[in-house]
Amino acid sequence: MWKINIETKGHTEIVDITDEVQKIVRDSKITNGLCTVYVPHTTAAVTVNENADPSVKNDIIRTLDRLVPWNDRYTHLEGNAAAHIKASIIGSDRTFIIRDGQIVLGTWQGIFFCEFDGPRRRKVYIEIVPGV
Amino acid sequence: MWKINIETKGHTEIVDITDEVQKIVRDSKITNGLCTVYVPHTTAAVTVNENADPSVKNDIIRTLDRLVPWNDRYTHLEGNAAAHIKASIIGSDRTFIIRDGQIVLGTWQGIFFCEFDGPRRRKVYIEIVPGV
Amino acid sequence: MWKINIETKGHTEIVDITDEVQKIVRDSKITNGLCTVYVPHTTAAVTVNENADPSVKNDIIRTLDRLVPWNDRYTHLEGNAAAHIKASIIGSDRTFIIRDGQIVLGTWQGIFFCEFDGPRRRKVYIEIVPGV
């Protein structure tokens, strides 16, 4: 298992972690198989989306804020229920395919850590299992 | 492959299955690798979220009910289209990392079966593949 | 790694790819393990849902359109921000359990490619890792 440390700076923020994940896969010397990226936090998530135009990240953040507003008479006393709900909608894990020692991504795809209740110090765990 | 049986009691219900999944992983004697938790139902799902304050589960249920109301002129004749849609938003599978014979979870994380059209008898399947 | 080619015909479309995925798993001769289905596009996704009544697909499409409308003052200049957002809500990957040389699916479950910005030529990648 490998670990990436992330220090988020905003309350809601989408952070590109593609290079860190690809480096871990490359250094593992495993040429093909599966790679799971796992977020061990309940108010953060991981997604795949466009890495070319940063405005896509803003549109995702703004739409999730509209669908799950910060204040909505939630019962969770900590006050961050919206962040928990967004985490479950986006998801805590993504699994990727490793081919020729690299994660296979589409031309425009990047791997993004989603902070929904920052700023905080966060971790992402990576595990790799070999294929046949 | 392993199986967990769940008997849900409410129409919409989030059930903590962390202990059952961890026991299966422990008994498998596999010390590191990946573990997939799979829900073989089209009106249920699996998520990871906070296990400390049960109000988080209620906030997730209430928000999904607001976003995908039970009655909304759906075309699916069985009358449970909302449950199908929630299942696709939350997802049928989660993949976890196994380390030292245990699924790696964050301090506040639990694994939750999401019933969207109960009460029903449900199953969850577990598969484990070893790492390197 | 295996590949499925898909040519979508509509702007928003949910395409059943269960048979193609099952054939790949069968031909791999791997009897048990995990199978990841990965979509290398930022305006498409993969989900699991009911394959019996096609109206379920329409209800999913219509609800996502209502939650994430095509026009909503997005900042992404290409004009397809809604498709990107839906892709992150549904997800780019699903992981399945292989048992007896087949993906384990519930009675009513099928595997569906979700096109959110078609018509386009699309690909889906499949990777399989053996269990113990």
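Protein chains in written order, with this note's numbering: chain A, 344 to 475; chain B, 344 to 475; chain C, 344 to 475. For every residue, glycine included, the Cβ atom is placed at its ideal position computed from N, Cα and C. Note that the structure is predicted; figures quoted are calculated from it, not measured.
Interface with chain C (8 Å Cβ-Cβ cutoff): B:Leu-377 is included.
By the C-beta criterion, the stretch 428–439 of chain C is judged not to be in contact with the stretch 352–371 of chain B, since fewer than 3 inter-stretch pairs fall below 8 Å.
Closest by C-alpha distance to B:Ile-360, out of B:Pro-473, B:Leu-448, B:Ile-428 and B:Asn-375, is B:Leu-448. Considering only beta carbons, the part of the stretch 453–474 of chain A lying closer than 8 Å to chain C consists of Val-472, Pro-473 and Gly-474, in chain order.
Segment contact: the stretch 455–465 of chain B against the stretch 373–388 of chain B, three or more CB-CB distances shorter than 8 Å; contact assigned. Judged by beta-carbon spacing, C:Thr-390 lies within the 8 Å limit of C:Ile-433, meaning their Cβ atoms are closer than that value.
Taking C-beta separations shorter than 7 Å and ignoring five residues to either side along the sequence, the partners of B:Glu-363 in its chain run Ile-347, following chain order. A:Phe-456 and C:Lys-366 have their C-alpha atoms some 34 Å from each other. The C-beta distance from A:Ala-388 to A:Ala-430 rounds to 5 Å, short enough to fall under 8 Å. Taken through DSSP and simplified to helix, strand or coil, B:Ala-387 comes out as strand. Only buried fits C:Asp-460, as 16 or more other CB atoms lie within 10 angstroms of its CB. The CB of B:Trp-451 comes closer than 7 Å to the CB of Thr-385 in chain A, given here in chain order.
Contact note: B:Ile-403 does not reach chain C at a C-beta cutoff of 7 Å; the least C-beta distance is about 15 Å. Residue contact check for B:Ser-398 against chain A: a CB pair falls below 8 Å. At a cut-off of 8 Å between beta carbons, C:Thr-438 contacts chain A.
The alpha-carbon of B:Val-411 is positioned some 18 Å away from that of A:Trp-413. If you draw a straight line from the Cα of B:Thr-351 to the Cα of B:Ile-357, it is about 9 Å long.
When DSSP reads this structure, C:Val-380 sits in a beta bridge with C:Arg-437 and C:Ile-469.
Distance check between A:Ile-454 and each of A:Ala-395, A:Glu-421 and A:Arg-409 places A:Ala-395 closest, using alpha-carbon atoms only.
Burial is judged here by how many other beta carbons sit within 10 angstroms of a residue's own beta carbon; A:Val-475 has fewer than 16 and is exposed. Residue range 361–371 is occupied by the alpha helix (DSSP H) that includes C:Val-364, with no beta strand (DSSP E) assigned at that position. The Cβ of A:Thr-351 sits no closer than 8 Å to any Cβ of chain B. If the five residues before and after B:Trp-451 are omitted, its C-beta is found closer than 6 Å to the C-beta atoms of Glu-393 and Ala-395, all from its own chain and listed in chain order. According to DSSP, residue pairing for C:Lys-346 in a beta bridge involves C:Tyr-468. Against chain A, a Cβ distance below 7 Å from C:Thr-418 picks out Ser-398, Asn-401 and Asp-402. With respect to the 8 Å criterion, B:Ile-446 and B:Gly-376 are not classified as neighbours on the basis of their beta carbons.
Taking CB atoms only, B:Val-411 has a neighbour in chain C less than 8 Å away. Counting along the chain, no beta strand (DSSP E) covers C:Phe-459, and no H or E run does either. Around the C-beta of C:Leu-420, fewer than 16 other C-beta atoms lie within 10 Å, and the residue is accordingly described as exposed.
DSSP, read as helix, strand or coil, puts C:Val-358 in strand.
When secondary structure is reduced to three states using DSSP, A:Arg-442 falls in the strand class. Boundaries of the alpha helix (DSSP H) around A:Leu-410: 398–410. The residues Ala-424 and Ala-425, in chain order, have a CB closer than 8 Å to that of C:Tyr-417 in the same chain once the five nearest residues on each side in sequence are set aside. B:Leu-407 and B:Gly-444 have their C-alpha atoms spaced approximately 34 Å apart.
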